[in-house]
Structure formats: structure tokens, C-alpha cells
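What follows is a single structure, written as C-alpha cells, with notes after it.
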Amino acid sequence: MTLRLNRRHFLGVAAAGVAASAMSFRPFGARAASPFVMQASWINDAEFSGYFLAMDKGYYSDEGLDLEYVSGGPDVIPESTIIANRADLTLTTPDTTIKAIAEQGAPFKIIGAQYQKNPIGIVSLKSNPITKPADLVGKTLAVPPVNVISVEAMLKMNGIDKADVNIVPYAYDPTPLLRGEIDASLDFATNVPYTISQQGKEATSFLLYDFGFTIFNDTVVVTEDVLKSKRKELVAWLRASRKGWTENLADPAVYPPQWKDSWFKGTGRTIDNEVYFNTAQKPLIESPNGVFSMSENDIEACLSALGQIGIKGTRDMFDTTLLEEI
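Here the sequence shown is numbered in full-length UniProt numbering, starting from 1 and rising by one per residue.
Okay, structure coming up:
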């Protein structure tokens with residue numbers, strides 16, 4: 001899993017539509033009356049396990065949906081697909097979506113959040129552990145350029161002068177960390193520690209979320225037009241997807257091996273990696289109020305954190321009424 005660098009300023013290229021590399025899947029046997037297209041935010045991996053299970057078990061069909069699932073990738077800007085009417089619903093990062101609404105007037109609504117806690121974190125080696133923001137003082141931290149402002153906000157929230165941390169560019173490659181050229185990197189804590197373990201090292205990590213940068217991830221986004229015209233279908237999608245996620249996370253090791261020759265075929269990743277990922281994301285997705293829940297406190301925390309990096313969102317950018325229906 002890599003962070004999505006290319007989701008910025010997407011409205012200017014929305015007319016280009018979906019990248020040709022995106023792949024579309026329609027579950028075998030689906031004969032429901034209401035066509036519905038979901039655009040994923042990345043290639044097929046454990047990040048989307050709940051949807052794979054719901055498709056395989058016919059939960060969308062049971063809800064009256066003929067679901068077409070479109071995988072993402074490095075050249076896919078998820079928001080552009082719903083702007084271009086290529087998809088009814090997509091998964092996004094809330095910073096890009098809320099910034100687009102606030103600054104470009106994008107007609108989006110956030111109707112749910114897959115990750116209650118954002119999986120982006122600071123990854124280091126256990127032999128040179130960095131377990132909290134204060135440990136970064138005097139250290140070299142590799143950060144993707146697009147995420148520097150988020151890291152600086154997290155440092156500020158924890159009373160750390162950004163000048164006391166040597167922030168260098170990160171290219172989504174743990175090799176510099178393994179070689180001791182850097183002390184830590186910013187990456188997905190749900191996946192990169194596994195990659196490091198395959199090189200004979202043990203990693204440790206902490207989430208930016210747990211130290212003040214409290215934003216969601218994989219926010220469920222639709223256009224205002226779709227919200228009005230396909231509300232019934234959206235509620236059905238949320239209900240079926242929640243059922244798939246709940247069953248998948250009951251035991252994160254059960255289903256990934258079953259998708260070796262289907263959903264995970266040709267990705268170049270091992271099933272052990274997907275099981276690790278699925279297990280690590282479980283506490284970040286689950287909520288006492290159900291998968292996709294967005295409590296008022298969590299929405300406020302998300303908006304407050306984004307405000308720290310200059311993204312001014314408001315409560316009306318979120319619509320929780322569909323979740324209330326399920």
C-alpha cells in the first residue's frame with residue numbers, strides 16, 4: 001500500500017475520466033434490478049476485504065443491487081470518477097475531499113468512514129524505536145512531500161518544533177530505514193511493518209491519529225445528485241458492505257487465503273501479507289456503532305485536525321442520515 005500522492009487538484013483533470021488501467025468486476029450471478037458502480041481507491045488488497053466478501057456472498061444482490069466494483073491504482077483519482085459520472089460512490093481521503101468542497105465547490109457529501117482511525121503512522125525499527133512524537137527530536141524522518149504539512153501539524157499539537165526534526169523526502173521504500181540512513185518513515189502502519197519483517201527486521205509504529213491528527217480515512221463519498229437520486233441504493237450499499245466487513249473482521253485470517261486466485265490474483269503480494277494487513281486494520285475500522293459510523297465527536301475531531309493544516313471544513317459536508325437508516 002502506498003499513500004495517494006496524485007489525488008490533489010483533481011477537478012482540473014476530472015474530464016479525463018478514469019484511468020484505462022482500472023479494472024471492473026461484476027460479481028458472478030448478480031441479477032439485481034438496480035445497477036450501482038463502486039470505485040475503489042487502490043488496487044485489490046486487504047483494504048477492501050469487506051467488499052470482496054459481500055460480493056462473493058451475494059449481500060449486494062440480496063439488497064437489490066447489481067454492483068460493479070472498479071479497482072483503483074496509482075493513476076486513479078477516485079473523486080474524478082464520481083464527478084465524471086463513471087461511478088456512484090467512491091472511497092477517498094478526507095483532506096482531498098473536504099478541500100475540494102471548501103475551495104473548489106465540489107458537490108460532494110461524505111456519508112461514511114471505513115477507517116475510524118487513519119492508518120498513516122510513523123514506522124521505525126525496534127532496534128531504534130520511535131514510539132511517540134517526542135522521540136523524533138533530533139532524528140531523521142522520511143515523509144512523502146504531500147504529507148509534510150500533516151506531520152508538522154502533529155508535531156505542533158505535541159509541542160515539538162518542526163526545526164528539531166530532520167524531515168526528508170520519502171519514496172515509499174523502506175530500504176533507507178533498513179540501512180539506517182533514516183530513523184523513521186511515514187507510511188501505512190497496517191502494511192509496511194510486514195514488508196520490513198520480510199527483510200529480517202522488526203518494526204514498531206504509532207499512528208498520527210493517536211497523537212492529535214484525528215482524521216478518518218477511506219471516507220465514503222458521493223455527489224449531491226447521487227445522494228438525491230439513489231438514496232435507497234446508497235443505504236442498501238452501506239448495509240451490505242457493513243455486513244461484509246463485520247463478517248470479515250470477525251476473524252481476519254479466514255478470508256484472504258480464499259481470494260488467492262480471485263481478488264488477490266496477480267497483485268504480487270503474499271497471502272500472509274494480506275492476513276497481516278487485514279488483522280492490523282481491524283481496530284481501525286471497527287466501531288461500537290457499526291462499520292462506517294461517524295459520531296459527532298469524531299466528525300468534530302476530524303474537522304479540527306484538518307483545520308490545523310489549513311483545510312476549513314464544516315459539519316454540513318457530512319451526511320449521517322443514511323447510516324441512521326441502517
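From the three backbone atoms N, C-alpha and C, an ideal C-beta is built for every residue, glycine too.
Remember, it's a predicted structure, so these values are computed and weren't measured experimentally.
> Starting from Ser262 and walking both ways along the alpha helix (DSSP H), at which residues does that stretch end?
Replying inline: Unbroken run through Ser262: none, as it is neither H nor E.
>> According to DSSP, simplified to helix, strand and coil, what is Gly121?
In response: Strand.
>> Going by C-alpha to C-alpha distance, which of Asp183, Gly121, Ile98 and Thr246 sits closest to Val137?
In response: The shortest CA-to-CA distance from Val137 to any of Asp183, Gly121, Ile98 and Thr246 is the one to Asp183.
> Roughly how many angstroms lie between the CA atoms of Thr279 and Ile149, to the nearest whole one?
Replying inline: Going from the Cα of Thr279 to the Cα of Ile149 covers about 29 Å.
> Leaving out five residues before and five after Tyr255 in sequence, what residues of the same chain have Cβ atoms less than 7 Å from its Cβ?
Replying inline: Taken in chain order, the residues that qualify are Ser49, Leu53 and Asn248.
>> By DSSP's criteria, Glu68 is part of a beta bridge. Which residues make up the other side?
In response: Answer by DSSP bridge pairing, in chain order: Val37.
> Where DSSP assigns a beta bridge to Tyr60, which residues make up the other side?
Replying inline: DSSP, once it has assigned bridges, lists no residue as partnering Tyr60.
>> Check for me: the beta strand (DSSP E) holding Ala142 runs from which residue to which?
In response: It spans Thr140 to Val143 - the beta strand (DSSP E) in which Ala142 sits, taken as one unbroken run.
>> Could you compute how far the alpha carbon of Thr90 sits from the alpha carbon of Gly73?
In response: Whole-angstrom Cα-Cα distance: 13 Å.
>> Just list the residues that DSSP pairs Tyr115 with in beta bridges.
In response: Paired residues: Asn217.
>> Beta-carbon within less than 8 Å of Lys156's beta-carbon, same chain only, minus the 5 sequence neighbours each way: which residues are those?
In response: Residues Lys162 and Gln308 of the same chain have their beta carbon placed closer than 8 Å to that of Lys156, with the five preceding and five following residues left out of the count.
> Rounded C-beta distance between Thr234 and Asn118? I'm assuming under 8 Å.
Replying inline: Per the sequence presented here, residue 234 reads as Leu, with Thr not at that position. In fact, because the Cβ distance is near 23 Å, the residues do not count as touching under 8 Å.
> Measuring CA to CA, which of Gln281, Leu177, Gly105 and Val220 is closest to Asp319?
Replying inline: Just measuring C-alpha positions, the residue of Gln281, Leu177, Gly105 and Val220 sitting nearest Asp319 is Val220.
> Tell me the DSSP bridge mates of Pro174?
Replying inline: In the DSSP output, where bridge partners are listed per residue, Pro174 has none listed.
> Looking only at DSSP bridge pairs, what is Ala253 linked to?
Replying inline: DSSP lists no partner for Ala253.
> Are there 16 or more other CB atoms within 10 angstroms of the CB of Asn273, so buried, or fewer, so exposed?
Replying inline: Buried, by the Cβ-count rule.
> By how many angstroms is the C-alpha of Gly200 removed from the C-alpha of Asn217?
Replying inline: Taking the straight line joining both Cα atoms gives about 30 Å.
> How far does the beta strand (DSSP E) with Ala184 in it reach, from first residue to last?
Replying inline: Counting along the chain, the beta strand (DSSP E) containing Ala184 begins and ends at Ala184 to Phe188.
> Among Gln114, Thr204 and Phe188, which residue has its Cα nearest to the Cα of Val143?
Replying inline: It is Phe188.
> Who are the near neighbours of Thr204 in its chain, counting only those whose CB is closer than 8 Å to its CB and skipping five residues on each side?
Replying inline: In the same chain as Thr204, and ignoring 5 residues on each side of it, the C-beta atoms closer than 8 Å to its own belong to Val123, Ser124, Leu125, Lys126, Pro129, Ile130, Thr131 and Pro193, in chain order.
> Considering Ala100, what are the terminal residues of the beta strand (DSSP E) in which it resides?
Replying inline: Segment Pro94 to Gln104 is the alpha helix (DSSP H) holding Ala100; no beta strand (DSSP E) there.
> Rounded to a whole number of angstroms, what is the C-alpha to C-alpha distance between Thr270 and Trp245?
Replying inline: Cα to Cα, Thr270 sits roughly 21 Å from Trp245.
> Is the beta carbon of Thr195 less than 7 Å from the beta carbon of Pro174?
Replying inline: It is a contact, given that the beta carbons lie within the stated cut-off.
> Can you tell me whether Asp316 is buried or exposed, with buried defined as 16 or more other CB within 10 angstroms of its CB?
Replying inline: Exposed is the call here.
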